[in-house]
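Peer 1: In UniProt numbering, the protein residues as written are 1 to 260.
Virtual Cβ for every residue (Gly too), placed ideally from N, Cα, C.
The structure presented is a predicted model; accordingly, all values stated were derived computationally and were not measured.
I'd like to ask some things about the structure below.
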């Protein structure tokens, strides 16, 4: 090997490259993600110490800037890590394929609104310029989550916005954020009675815990002052499982009716 090639490899020029090939790009929380990490050798032999795969997502945080004004910043969070502890040397021009599989975390936010989730791959290799890869995935609702969304739509609500919003440390979640699904009424019994209904999902294995935050429509002068003081909001909780799916629409109707 020439001194020139060694010098280039030392600064990352002509080094190995990584590309993660997913078997699918759409998953529900709890489902298995599988694929192959493809590594192409560069112009010099290089030793790969390990390969790290991370499931990453974004969330937003509201804060005050130095001028006392509110601003929104976007942060990243690592939902899960998966390590391939396979040490090897990739020779010039070689191509190596390493399969992997792991389960997507149950608390992974679904892909709605501005939420983004991706698989980040990183080679533990010295001085490589192209040692990482990012592959975006679409996270779809679980069967229980979809059943709740469908029931809301049957009751005349439409999902119009979703945000992953930063929260202070809380016992009910290990994440630094919660995903809020915001519904507005477009028809049905509750049309005109609510400003909006926000849902937060917590996957609990075979059960789904749903928190409802209900923003009632202001009515008259008393309603106006209640809304101005944020007294028109209430919260309710519903646990959904396979046993109550058939009556889910009725359960949500009763919950909303009780909070009108």
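For the alpha helix (DSSP H) that contains residue 150, what are its first and last residues?
Peer 2: It spans 143 to 154 - the alpha helix (DSSP H) in which residue 150 sits, taken as one unbroken run.
Peer 1: Contact between the stretch 152 to 161 and the stretch 179 to 190: three or more CB pairs below 8 Å?
Peer 2: Because the criterion of three Cβ pairs below 8 Å is met, the stretch 152 to 161 and the stretch 179 to 190 touch.
Peer 1: With residue 253 as the anchor, note down where its alpha helix (DSSP H) starts and where it stops.
Peer 2: Where residue 253 is concerned, the enclosing alpha helix (DSSP H) stretches over 248 to 258.
Peer 1: Count the other C-beta atoms from every protein chain shown that fall within 10 angstroms of the C-beta of residue 234, then say buried if there are 16 or more, exposed otherwise.
Peer 2: With fewer than 16 other Cβ atoms within 10 Å, it is exposed.
Peer 1: Does the Cβ of residue 76 have 16 or more other Cβ atoms within 10 Å, making it buried, or fewer, making it exposed?
Peer 2: Looking at its Cβ environment, which holds fewer than 16 other Cβ atoms inside 10 Å, residue 76 is exposed.
Peer 1: Answer with buried or exposed for residue 59, where buried requires no fewer than 16 other C-beta atoms within 10 angstroms of its C-beta.
Peer 2: By the 10 Å Cβ count, residue 59 comes out buried.
Peer 1: Pick from 237, 37, 148, 41: whose alpha carbon is nearest that of residue 93?
Peer 2: Answer by Cα proximity: 41.
Peer 1: Would you grab the beta carbon distance between residue 260 and residue 174 for me? Rounded to a whole angstrom, and I think it's under 8 Å.
Peer 2: No, residue 260 and residue 174 are not in contact; Cβ-Cβ is about 34 Å, not under 8 Å.
Peer 1: In angstroms, rounded to a whole number, what distance separates the CA positions of residue 218 and residue 122?
Peer 2: With a pLDDT of 43 at residue 218, under the threshold of 50, the modelled position of that residue is not reliable, and the figure given next carries that caveat. If you take the alpha carbons of residue 218 and residue 122, they lie about 52 Å apart.
Peer 1: In whole angstroms, give me the CA-to-CA distance for residue 189 and residue 239.
Peer 2: Taking the straight line joining both Cα atoms gives about 23 Å.
Peer 1: Quick one: what's got a C-beta closer than 8 Å to residue 258's C-beta in the same chain, skipping five residues either side?
Peer 2: 236.
Peer 1: With residue 44 and residue 20 assumed to form a contact (beta carbons below 8 Å), what rounded beta-carbon distance in angstroms separates them?
Peer 2: Their Cβ separation, rounded to whole angstroms, is 23 Å, which puts residue 44 and residue 20 out of contact at 8 Å.
Peer 1: Please return the same chain residues whose Cβ sits closer than 6 Å to the Cβ of residue 203, not counting the five positions on each side in sequence.
Peer 2: Answer for residue 203: 29, 106, listed in chain order.
Peer 1: Starting from residue 32, trace the beta strand (DSSP E) in both directions and tell me its first and last residue.
Peer 2: Residue 32 -> beta strand (DSSP E) spans 32 to 40.
Peer 1: Starting from the C-beta of residue 251, find all residues in its chain whose C-beta is less than 7 Å away, skip the five residues before and the five after it, and write them out in chain order.
Peer 2: Same-chain partners within the cutoff: 238, 244.
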